[in-house]
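Residue numbering for the sequence shown follows the working numbering, starting at 2 and increasing by one per position.
Scroll down for the structure; my scribbles are underneath it.
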Amino acid sequence: MKGLVDFLYEDLPHLFDDRGIDPTMYDDGVVFRDPITKYDSIAGYLFNIRLLKQLFRPEFQLHSVRQTGPYEITTRWTVVMKFVLLPWNPELILTGISIMGVNPQTKKFCSHMDLWDSIENNEYFSLEGFLDFLKQLRIYKTPDLETPKYQILKRTATYEVRKYEPFVIAETKGDKLSGSSGFNEVAGYIFGKNSTEEKIPMTTPVFTQVLDDDQSEVSIQIVLPMNKDLSNLPAPSTVAVRLRKVEGGTAAAIKFSGKPTEELVCSKEKELRSALLKSGLQPKEGCLLARYNDPGRTMSFLMRSEVLIWLDDFTLE
Numbered sequence: 002m003k004g005l006v007d008f009l010y011e012d013l014p015h016l017f018d019d020r021g022i023d024p025t026m027y028d029d030g031v032v033f034r035d036p037i038t039k040y041d042s043i044a045g046y047l048f049n050i051r052l053l054k055q056l057f058r059p060e061f062q063l064h065s066v067r068q069t070g071p072y073e074i075t076t077r078w079t080v081v082m083k084f085v086l087l088p089w090n091p092e093l094i095l096t097g098i099s100i101m102g103v104n105p106q107t108k109k110f111c112s113h114m115d116l117w118d119s120i121e122n123n124e125y126f127s128l129e130g131f132l133d134f135l136k137q138l139r140i141y142k143t144p145d146l147e148t149p150k151y152q153i154l155k156r157t158a159t160y161e162v163r164k165y166e167p168f169v170i171a172e173t174k175g176d177k178l179s180g181s182s183g184f185n186e187v188a189g190y191i192f193g194k195n196s197t198e199e200k201i202p203m204t205t206p207v208f209t210q211v212l213d214d215d216q217s218e219v220s221i222q223i224v225l226p227m228n229k230d231l232s233n234l235p236a237p238s239t240v241a242v243r244l245r246k247v248e249g250g251t252a253a254a255i256k257f258s259g260k261p262t263e264e265l266v267c268s269k270e271k272e273l274r275s276a277l278l279k280s281g282l283q284p285k286e287g288c289l290l291a292r293y294n295d296p297g298r299t300m301s302f303l304m305r306s307e308v309l310i311w312l313d314d315f316t317l318e
């Protein structure tokens with residue numbers, strides 16, 4: 002079984018690339034099930050992979066492979082897809098586990114069952130799973146700009162858990178979560194109000210951060226390009242703006258559309274925090290509002306906004 006664990010670690014990252022998986026390691030009658038799909042042959046199994054590759058341009062991330070029974074191996078993964086048949090190319094995200102059964106006679110995989118983190122009923126055919134798929138097809142207008150790099154570790158019905166790489170921000174004092182006070186100061190920095198009058202490319206999102214529930218300290222932040230660090234950035238022209246490196250880490254995010262009013266943002270923060278506590282996670286104090294769109298140029302129903310909360314001691318099971 003250890004050899005099969007090692008095989009999956011090497012083979013599965015090729016699931017959707019040009020090389021593909023090694024079909025000789027699967028029984029001809031391999032049984033595949035996920036909440037909305039089923040096949041009972043290696044031909045159907047491979048057809049499903051080709052179909053997903055053609056329609057969704059999937060990116061597969063393998064997190065772990067472990068033996069969970071005498072003839073059973075369980076993998077944990079993330080798949081990020083873009084549905085190419087819709088003009089807005091919606092992003093679909095699935096995370097979960099695959100339970101791989103091994104035929105003791107052939108030492109090949111004889112079954113493959115996917116369980117999604119985002120639903121309770123994972124039995125085929127799951128209406129809950131189908132609706133979870135459909136709701137991800139909605140329209141968001143996300144600007145084609147650089148954004149902080151992160152890996153999606155888990156997606157539930159309510160939130161995503163993301164592992165962020167470090168990034169640098171320009172920030173100044175704000176007034177409230179949904180407010181815009183201070184934006185002109187930090188925007189001025191990237192538009193040339195700095196020691197070298199350098200114009201720095203715009204990125205997304207704009208963050209507003211509060212450090213506690215009382216919102217006693219609010220900052221508004223613009224993310225700087227990923228190829229920039231504190232050593233090669235010009236100094237701000239005003240003491241009201243400061244540069245700071247965010248060390249990254251694990252955060253939970255809840256996504257929503259509509260105009261991000263104070264009432265809506267606070268409601269989403271409470272919803273997210275409640276869901277995290279219910280899941281047994283450890284959310285830190287405070288939160289961030291991430292705004293991806295120019296409110297003067299984007300209709301509210303197309304806006305993409307998120308509330309993020311940093312997590313303590315997250316472990317991917």
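For each residue, glycine too, the CB sits at the ideal point set by N, CA and C.
Close beta carbons around residue i, own chain, < 7 angstroms, minus the five adjacent residues each side
i	result
R292	P206, V207, P261, S306
W89	I140
Y27	I43, Y46, K109, F110
Neighbour-count burial assignment, residue i, 16 or more Cβ in a 10 Å radius
i	result
F168	buried
K254	Reading off the sequence, residue 254 comes out as Ala, not Lys. It counts as buried.
Y10	exposed
L309	buried
G281	exposed
E166	exposed
T25	exposed
E199	exposed
L5	buried
N122	exposed
K240	Note that residue 240 is Val in the sequence shown here, rather than Lys. With fewer than 16 Cβ atoms within 10 Å of its Cβ, V240 is classed as exposed.
C-alpha gap between residue i and residue j, whole angstroms
i	j	result
K279	G287	18 angstroms
G102	F110	6 angstroms
T159	G30	36 angstroms
S196	S220	22 angstroms
H64	Q152	11 angstroms
F315	R77	15 angstroms
F134	W117	11 angstroms
R156	T75	18 angstroms
N228	P202	11 angstroms
L303	D295	11 angstroms
I50	L16	8 angstroms
Sequence-distant residues of its chain with Cβ nearer than 6 angstroms to residue i (five each side left out)
i	result
S112	V32, G102
Beta bridge counterpart(s) of residue i as assigned by DSSP
i	result
D115	S99
S65	R77
Q152	K164
L312	P284
G70	E73
V31	According to DSSP, which records beta bridges pairwise, V31 is partnered with nothing at all.
Sequence-distant residues of its chain with Cβ nearer than 8 angstroms to residue i (five each side left out)
i	result
T69	T75, I100
Query raised in the report: Quick one: complete beta strand (DSSP E) runs, 3+ long, within the stretch 186-233?
Result: 207-211, 219-224
Query - Unbroken stretches of the alpha helix (DSSP H), 4 residues or longer, contained in the stretch 241-298 - result: 263-279
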